[in-house]
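Chemist: Note that UniProt numbering gives residue 515 to position 515 of the sequence shown, counting from 1, and the numbers run on in steps of one.
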Amino acid sequence: MAATITNSIDPRDIGTPDDWIPRHPEMVRLTGKHPFNAEPPLSLLINQGFITPTPLHYVRNHGPVPKLHWDTHRLIVDGLVSKPLNLSMNDIQNFPYKEFPVTLVCAGNRSKEQNMIKQSIGFNWGSGAISCAIWKGVPLNDILKLAGVNLDDCINEPRYVCFTGADKLPNGYYGTNIPLEWSLNDINDVILAYEMNGERLTPDHGYPLRVIIPGFIGDRMVKWLSKITISNKESDSYYHYHDNRVLPPEFDAELATKENIWYNPNYIINFLNINSVITSPAHNEYILLSNLFNDKMYTIKGYAYAGGGNKVIRVEISLDDGKTWILSKLDQPELNHHIVLKRGINPIPKYWCWSFWSLTIPFYSFIRCDEISVRAWDSTQNTQPRNLTWNAMGMMNNCHFRVKINTIAQGSEFRLVFEHPTQPGNLPGGWMVKSEKSSPKLLTFSKNSELSTINSKISTFTINDVAKHNNEKDCWIIINKKIYNCTKFLKKHPGGTSPILINAGTDVTKEFSAIHSTKARELLKVFYIGDLVESQQQKIMTSETHKAKI
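In C-alpha cells, the structure reads:
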C-alpha cells in the first residue's frame with residue numbers, strides 16, 4: 001500500500017481520544033486501540049528508501065494526543081535564565097532555521113526479542129521502530145542564547161535543559177532533559193522542529209513543536225513542546241525517571257522500585273547504541289533448493305545505525321554461526337546531502353542517519369547454512385554483542401540480528417524458508433517465538449490459592465453477558481477466556497482509566513499479553529469472576545459452519 005496521507009479515521013481509533021487523527025492502516029499497533037504506539041511493517045519501511053514518508057514514520061505516544069493550534073500555542077522558556085521568554089509559533093518560525101535529515105529510533109527497537117526471554121515492561125517492538133525524516137526548525141542554541149543562557153553557567157554546577165510536553169498523563173506531563181553543554185554546542189544540531197518532510201508536523205509527531213536531538217534515543221525528543229526550563233537539577237517528570245533506563249538484569253520493575261534504582265544516574269539512556277538488522281531476506285521469504293546448484297546470485301540487505309553522531313564504518317555478515325565474517329557494501333545516503341558535514345573550514349563530522357548495507361553471494365552459499373547473522377561497527381570501534389542481555393524495560397537490544405534458515409517440503413519442491421527472530425506486536429511468527437520454552441500461564445491456581453476453593457463452582461458468562469459491563473461503574477474484560485471485573489482497579493491502573501474503559505466489555509487478550517508482565521498477570525487473580533463460554537446461538541453458528549465445511 002502506498003504511503004500517502006489519508007483523511008480517513010482508522011476504525012480502531014473510533015471511541016478513543018484520538019478519533020480525530022488520520023493514520024496509515026498498515027501501521028502495526030503494539031498497544032491495542034489506545035494509546036497509539038506503532039511501527040510500519042519492515043518490508044514496507046525499507047522499500048521507502050532513505051527518507052520515510054510521514055504516515056509510515058513510527059510513533060511512540062504515552063497517552064492521548066493533545067489538540068493544539070498553531071495560532072494559540074506558546075513556548076515558555078524559564079528557570080535559571082536572565083531573560084524569560086514567551087514565544088508564539090510565528091515567533092519561532094521567523095528565527096533562522098536548520099533543515100536536515102535525522103533518523104529517529106525508539107529505545108525499545110527490537111524489544112520483542114527481549115520479551116521472548118522474559119516479559120519486560122516494554123512493548124513488543126519489532127525491528128521497525130526506526131524512521132528517517134527531514135526536520136526543519138530553529139536551533140535550540142539560538143533560543144537559549146536569546147534567554148541569556150551561556151556555557152559559563154555550567155562552570156560551578158551542572159545545568160540541564162528540561163523539556164515539558166503538553167500531553168497530560170496519569171503521572172503528570174511527559175518531560176525529560178539533556179545536559180546544557182550538549183544543547184549549546186552548534187555541532188550537535190539540536191533543534192525545535194515545526195516541519196517534517198516539508199510540511200508542518202502532524203499530531204502524532206508533535207504538532208506544532210517538538211524537540212529533535214540527533215543521535216539520542218527518540219524518547220528524549222519531547223513532542224507537543226510547551227516549556228523549556230533551565231535547572232541545576234534533572235527534570236522532575238515521573239517519566240524522566242521511570243522510562244528510558246537500562247537496569248542491570250537482576251532488577252525487575254518491582255525490585256527496582258523497592259531499591260530506588262530508577263533514580264541511579266548510571267542507568268539513564270541518552271545516546272543510541274550501534275545496531276543493525278537484516279531486511280532481506282524478509283520473514284517467510286523462500287528460495288527453491290534447486291536454485292542452490294546454479295550460478296544465480298542473492299543479495300542480502302539491511303540497515304544499520306549508531307548514536308551520538310558516530311559513523312557506521314562497517315557491517316559484516318556471517319553464514320557459519322559467527323566463526324567467520326564477510327564485509328558488506330555500505331551505502332550512506334546522508335553523505336550526499338547532509339548540511340552538517342559542510343559547516344566551517346574544519347568541520348567536525350557528525351552522522352545522524354541510518355546506513356544501508358548489502359552483500360551479494362552465490363545461491364550455493366546457503367548450502368549447509370543454518371542462519372544468517374549481522375553485526376555493525378561504529379567509528380569508536382563499538383560493535384554488537386552476540387547475545388542479548390535482558391533488562392526490565394526491554395530497551396536498547398542490539399545483539400546480533402539472526403535469520404534462521406529452514407528446509408521445508410512443499411509438494412514436490414524443497415524450499416529454504418527464512419525466519420526472522422520475531423514479528424512486531426501480536427503478529428505471529430519468528431524463530432524466537434517458536435523456541436520459547438515455557439510461556440508463563442495467565443492464571444495458575446495453586447492449592448493454597450484462595451481462588452482454588454471456587455474452582456468447582458466457577459461462574460460462566462457469554463460474550464453478550466460481558467458486553468453489558470462496559471462503563472466506569474461496571475467494567476469487565478476478557479483475557480484468555482477468563483472474565484475479570486476491573487471496576488475497583490480502574491483508578492489504580494498505572495496507565496490511567498482510558499486504556500481499560502476503551503476496551504470494557506470486550507476481549508483484550510492480545511492487548512494485555514503484549515504489554516503486561518508476569519506480575520500483572522498474577523494481579524488479575526483478585527479480579528477473576530468466571531470463564532467465557534459460547535452462547536447457544538454461537539454454538540449453532542459454529543455447528544453450521546462446521547457442517548458447511550464438511
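C-beta: ideal position from N, C-alpha, C; glycine also.
Any contact between the segment 146–154 and the segment 478–494? By contact I mean 3 or more CB pairs, one from each, below 8 Å.
Modeler: With the cut-off at 8 Å, the segment 146–154 and the segment 478–494 do not touch.
Chemist: Where do the N-terminal and C-terminal ends of the alpha helix (DSSP H) with D219 fall, by residue?
Modeler: Working through the sequence shown from its first residue, we reach residue 219 at position 219. Counting along the chain, D219 falls outside any alpha helix (DSSP H), and DSSP gives it neither H nor E.
Chemist: Do L427 and F366 have their beta-carbon atoms positioned less than 7 Å apart in this structure?
Modeler: Translated into positions along the sequence shown, residue 366 becomes position 366. Translated into positions along the sequence shown, residue 427 becomes position 427. Contact: no.
Chemist: Taking the straight line between their C-alpha atoms, what separation do you get for H240 and C369?
Modeler: Taking the first residue of the sequence shown as 1, we reach residue 240 at position 240. Taking the first residue of the sequence shown as 1, we reach residue 369 at position 369. Approximately 45 Å, taken between the alpha carbons.
Chemist: Below 7 Å CB to CB, which residues in the same chain sit around G530 once its five sequence neighbours on both sides are set aside?
Modeler: The residue labelled residue 530 in the question sits at position 530 within the sequence shown. Excluding residues within five positions, the ones whose Cβ falls inside 7 Å are I458, S459, T460, F461 and I483.
Chemist: Going by the beta-carbon positions, is the gap between S127 and L104 smaller than 7 Å?
Modeler: Stepping through the sequence shown from its first residue, residue 127 is reached at position 127. Stepping through the sequence shown from its first residue, residue 104 is reached at position 104. Not a contact, by the Cβ cut-off of 7 Å.
Chemist: Pick out whichever of R74, K311, T509 and N94 has its Cα sitting closest to the Cα of L85.
Modeler: The residue you call residue 85 lines up with position 85 of the sequence shown. The shortest Cα separation from L85 among R74, K311, T509 and N94 belongs to R74.
Chemist: Determine the extent of the alpha helix (DSSP H) in which I46 is found, giving its start and end residues.
Modeler: Position 46 of the sequence shown, counted from the first residue, corresponds to residue 46. L42 to N47 is the span of the alpha helix (DSSP H), which, as asked, contains I46.
Chemist: Provide the residue span of the alpha helix (DSSP H) that contains W182, from first to last.
Modeler: Walking along the sequence shown from the start, residue 182 turns up at place 182. Residues L180 to L184.
Chemist: Which partner residues does N406 have in the DSSP bridge list?
Modeler: As a first step, residue 406 is located in the sequence shown; it is residue number 406 there, counting from the start. Beta-bridge pairing links N406 to V417.
Chemist: State whether the segment 324–338 contacts the segment 380–395, with contact taken as three or more CB pairs (one from each stretch) at a distance under 8 Å.
Modeler: These segments do not touch.
Chemist: To the nearest angstrom, report how far apart P424 and A107 are at their CA atoms.
Modeler: As a working note, residue 424 is residue 424 in the sequence shown. As a working note, residue 107 is residue 107 in the sequence shown. Distance between the alpha carbons of P424 and A107: 15 Å.
Chemist: Can you tell me which of K233, P281 and L359 puts its alpha carbon nearest to the alpha carbon of P265?
Modeler: In the sequence shown, the residue the question calls residue 265 occupies position 265. Taking only the C-alpha atoms, the option nearest P265 is K233.
Chemist: Taking the beta strand (DSSP E) that I278 belongs to, which residues open and close that run?
Modeler: For the purposes of this step, residue 278 is identified with residue 278 of the sequence shown, where counting begins at 1. Counting along the chain, the beta strand (DSSP E) containing I278 begins and ends at N275 to S280.
Chemist: Using only the alpha-carbon positions, how far apart do K441 and S513 sit?
Modeler: Along the sequence shown, read from residue 1 onward, the residue named residue 441 stands at position 441. Along the sequence shown, read from residue 1 onward, the residue named residue 513 stands at position 513. Because the pLDDT of K441 is 36, which lies under 50, any placement of that residue in the model is unreliable, and the question is left without a value.
Chemist: I'd like to know whether the C-beta atoms of S111 and G394 end up nearer to each other than 7 Å.
Modeler: For the purposes of this step, residue 111 is taken as residue 111 along the sequence shown, with counting starting at 1. For the purposes of this step, residue 394 is taken as residue 394 along the sequence shown, with counting starting at 1. Going by C-beta atoms, S111 is nearer than 7 Å to G394.
Chemist: Hey, residue 599 and V77: beta-carbon distance below 7 Å or not?
Modeler: With the chain covering 1 to 550 only, the question about residue 599 has no answer from this structure.
Chemist: If we count Cβ pairs, one from each stretch, closer than 8 Å, do we get three or more for the segment 209–225 versus the segment 249–266?
Modeler: The segment 209–225 is not in contact with the segment 249–266.
Chemist: Could you tell me if M89 is buried or exposed, where buried requires 16 or more neighbouring beta carbons within 10 angstroms of its beta carbon?
Modeler: Against the sequence shown, residue 89 aligns to sequence position 89. Buried.
Chemist: Measuring alpha carbon to alpha carbon, tell me which residue in V28, V312, T72 and E39 is nearest I274.
Modeler: In the sequence shown, the residue the question calls residue 274 occupies position 274. That would be V312, whose Cα lies nearest to the Cα of I274.
Chemist: Determine the extent of the alpha helix (DSSP H) in which V466 is found, giving its start and end residues.
Modeler: Within the sequence shown, numbered from 1, the residue matching residue 466 stands at position 466. Where V466 is concerned, the enclosing alpha helix (DSSP H) stretches over I463 to A467.
Chemist: How many angstroms separate the CA atom of N141 from the CA atom of V190?
Modeler: Numbered from its first residue, the sequence shown carries residue 141 at position 141. Numbered from its first residue, the sequence shown carries residue 190 at position 190. About 8 Å.
Chemist: Going by beta carbon distance, what residues of the same chain come within less than 8 Å of M297, once the five residues before and after it are set aside?
Modeler: Locating residue 297 in the sequence shown gives position 297, counting from the first residue. Only T360, I361, P362 and F363 meet the Cβ criterion.
Chemist: Would you mind giving the Cβ-Cβ distance between K229 and G79, rounded to the nearest angstrom? I have them listed as a contact below 8 Å.
Modeler: The count along the sequence shown starts at 1 and reaches residue 229 at position 229. The count along the sequence shown starts at 1 and reaches residue 79 at position 79. According to the sequence as given, residue 229 is Thr; it is not Lys. At roughly 4 Å, the Cβ-Cβ gap stays under 8 Å, so T229 and G79 are in contact.
Chemist: Any idea if V526 is buried or exposed, counting beta-carbon neighbours within 10 angstroms, 16 or more meaning buried?
Modeler: Along the sequence shown, one-based indexing puts residue 526 at 526. V526 comes out exposed.
Chemist: Please classify S438 as buried or exposed, where buried requires at least 16 other C-beta atoms within 10 Å of its C-beta.
Modeler: As a position in the sequence shown, residue 438 is number 438, starting the count at 1. Low confidence applies here, because S438 scores a pLDDT of 40, under 50, leaving its location unreliable and the question unanswered by this model.
Chemist: Please classify G411 as buried or exposed, where buried requires at least 16 neighbouring CB atoms within 10 angstroms.
Modeler: The sequence position of residue 411 within the sequence shown is 411, counting from 1. G411 should be labelled exposed.
Chemist: Give me, in chain order, the residues of the same chain whose beta-carbon lies closer than 6 Å to that of K329; leave out the 5 immediate sequence neighbours on both sides.
Modeler: If you number the sequence shown from 1, residue 329 lands on position 329. Excluding sequence neighbours, K329 sits near S358.
Chemist: Tell me where the beta strand (DSSP E) around K331 begins and ends.
Modeler: Residue numbering aside, residue 331 sits at position 331 when the sequence shown is read from its first letter. Per the sequence shown, residue 331 should be read as Asp rather than Lys. Per DSSP, D331 belongs to the beta strand (DSSP E) from K329 to D331.
Chemist: Where do the N-terminal and C-terminal ends of the alpha helix (DSSP H) with I117 fall, by residue?
Modeler: Numbered from its first residue, the sequence shown carries residue 117 at position 117. That run of the alpha helix (DSSP H) goes S111 to I117.
Chemist: With S167 as the anchor, note down where its beta strand (DSSP E) starts and where it stops.
Modeler: For the purposes of this step, residue 167 is identified with residue 167 of the sequence shown, where counting begins at 1. According to the sequence as given, residue 167 is Asp; it is not Ser. D167 -> beta strand (DSSP E) spans Y160 to L169.
Chemist: Please classify T164 as buried or exposed, where buried requires at least 16 neighbouring CB atoms within 10 angstroms.
Modeler: Position 164 of the sequence shown holds residue 164. Answer is buried; the Cβ neighbour count reaches 16.
Chemist: Measuring only the C-alpha atoms, how far is L451 from N485?
Modeler: The residue you call residue 451 lines up with position 451 of the sequence shown. The residue you call residue 485 lines up with position 485 of the sequence shown. Caution is warranted here: a pLDDT of 36 is assigned to L451, below 50, making its placement in the model unreliable, and no coordinate value can be reported.
Chemist: Measure the Cβ-Cβ separation of I217 and W390 and say whether it is below 7 Å.
Modeler: As a working mapping, residue 217 is identified with position 217 in the sequence shown. As a working mapping, residue 390 is identified with position 390 in the sequence shown. No, these two residues do not count as a Cβ contact at 7 Å.
Chemist: Looking only at its own chain, which residues have a Cβ that is under 8 Å from the Cβ of S280, when we skip the five neighbours before and after it?
Modeler: Counting from 1 along the sequence shown, the entry for residue 280 is found at position 280. Result list for S280: I46, T299, I300, K301 and G302, in chain order.
Chemist: May I have the straight-line CA-CA distance separating F100 from P53, to the nearest angstrom?
Modeler: Numbered from its first residue, the sequence shown carries residue 100 at position 100. Numbered from its first residue, the sequence shown carries residue 53 at position 53. Distance between the alpha carbons of F100 and P53 is about 15 Å.
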